[in-house]
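So the structure is just underneath, and the comments pick up after that.
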Amino acid sequence: MKRQGILRLIAIISTLVAGLYYYSTVNDNKPLKYHVSSPQEYRDADVVRVIDGDTIVITGGERIRYIGIDAPEVNEVFYQEAKDKNRELVEGKNIRFVVCKYEQRDNYGRLLAWVYTGDIFVNELLVKEGYAKIFIIPPCGTEKQEEFKNYEKEAKDKGLGLWVMDGKLTEQNEKPIHAETAAQYIGKTKTVSGKVINVFDSGKAIFLNFGADYKKDFTAVIFNKDIGRFKGKGIDPVNFYKGKEVFVIGKIIEYNGPEIVVKNPSQIKIK
């Protein structure tokens, strides 16, 4: 009887060991709950055309917009230099890219991605060398926000690329003025500092109000014909700027108080 009991106990233990082995083997093949990246997330493609400093076209016509950066637009200072640098890096080459897992496309249907060619991290290099500024729209890109801020600061301190011209603009405009004093500078080009208290969309224009009385206080105005430039950057002016401390660059005019007409996203910088 003792022998039968021992054999039964051995059989039970063997069954438990086998079950645990099977369970661990199965779960080893499952992805980790907090897994962030894996080789499967990388895609590769050939670049057939460079649109500008932060947008490219790959085989099949798919467009890719680089995450985390903003290069100058057409007719903006340093546009051609940024485009040429991007062309030098990727045009006609095979790239690897990682699409934002939270929001794969922007309002224009472009893939939002980190892009690599060889050993070069393209998004990073363009910021490091002053061909683009950091531009993070959550949730995409937030994991590299602090890192990119440091790269931008280094480029700015060294006066690289577009920061050379940015420095000249700062000198021309002297020190920023506060929104409350903007009425003293009608007719002059200035950098106005302040907080966007509220935003109003009239249907013809979007008004970023810097005070409680829109008829007297400073306002930044974005007309409908220019809103496309903002949306092309993934910015919805109605929601993006509200409550933020910003700098607005432009000529101050008088219309129900001091205002600046903003035609490009580059005229508004978040502090």
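According to the working numbering, the residues represented by the sequence shown are 849 to 1119, in order.
Even for Gly, the Cβ is constructed at its ideal location relative to N, Cα and C.
For residue i, is the classification buried or exposed, using 16 other Cβ atoms within 10 angstroms of its Cβ as the cut-off for buried?
{"i": "residue 1119", "result": "exposed"}
{"i": "residue 918", "result": "buried"}
{"i": "residue 1042", "result": "buried"}
{"i": "residue 868", "result": "Since pLDDT at residue 868 reaches only 42, below the 50 mark, its modelled position is unreliable, and the value read off the structure follows with that caveat. With fewer than 16 Cβ atoms within 10 Å of its Cβ, residue 868 is classed as exposed."}
{"i": "residue 834", "result": "The structure shown does not extend to residue 834, since the chain is modelled only from 849 to 1119, so the question has no answer here."}
{"i": "residue 1038", "result": "buried"}
{"i": "residue 1103", "result": "exposed"}
{"i": "residue 1098", "result": "buried"}
{"i": "residue 1034", "result": "exposed"}
{"i": "residue 1101", "result": "exposed"}
{"i": "residue 995", "result": "exposed"}
{"i": "residue 934", "result": "buried"}
Between the C-alpha atoms of residue i and residue j, what's the straight-line distance to the nearest angstrom?
{"i": "residue 924", "j": "residue 1088", "result": "22 Å"}
{"i": "residue 942", "j": "residue 1055", "result": "44 Å"}
{"i": "residue 981", "j": "residue 974", "result": "8 Å"}
{"i": "residue 806", "j": "residue 922", "result": "In the structure displayed, the chain extends from 849 to 1119; residue 806 sits before or after that span and is not available."}
{"i": "residue 1086", "j": "residue 999", "result": "29 Å"}
{"i": "residue 1113", "j": "residue 1083", "result": "9 Å"}
{"i": "residue 1117", "j": "residue 1109", "result": "14 Å"}
{"i": "residue 989", "j": "residue 949", "result": "10 Å"}
{"i": "residue 1106", "j": "residue 1023", "result": "18 Å"}
{"i": "residue 1077", "j": "residue 955", "result": "12 Å"}
{"i": "residue 1064", "j": "residue 1070", "result": "18 Å"}
{"i": "residue 993", "j": "residue 916", "result": "8 Å"}
{"i": "residue 1068", "j": "residue 1001", "result": "27 Å"}
{"i": "residue 979", "j": "residue 1036", "result": "29 Å"}
{"i": "residue 1047", "j": "residue 968", "result": "41 Å"}
Can you tell me where the alpha helix (DSSP H) with residue i in it begins and where it stops?
{"i": "residue 1075", "result": "1072 to 1079"}
{"i": "residue 974", "result": "970 to 976"}
{"i": "residue 1088", "result": "1085 to 1088"}
Verify whether the separation of the beta carbon atoms of residue i and residue j is less than 8 Å.
{"i": "residue 940", "j": "residue 920", "result": "no"}
{"i": "residue 894", "j": "residue 906", "result": "yes"}
{"i": "residue 912", "j": "residue 946", "result": "no"}
{"i": "residue 929", "j": "residue 1009", "result": "yes"}
{"i": "residue 1027", "j": "residue 983", "result": "no"}
{"i": "residue 970", "j": "residue 938", "result": "yes"}
Could you pull the start and end residues of the beta strand (DSSP E) that residue i belongs to?
{"i": "residue 1099", "result": "1093 to 1099"}
{"i": "residue 914", "result": "911 to 914"}
{"i": "residue 1116", "result": "1116 to 1118"}
Strictly under 8 Å for the Cβ-Cβ distance: is residue i near chain B by that measure?
{"i": "residue 1082", "result": "The structure shown has no chain B; it contains just one protein chain."}
Contained beta strand (DSSP E) runs [length at least 3] in the stretch 930 to 1007, N- to C-terminal order: 942 to 947 and 959 to 965
Complete runs of the beta strand (DSSP E) confined to the stretch 1031 to 1062 [at least 3 residues]: 1037 to 1043, 1046 to 1049 and 1053 to 1057
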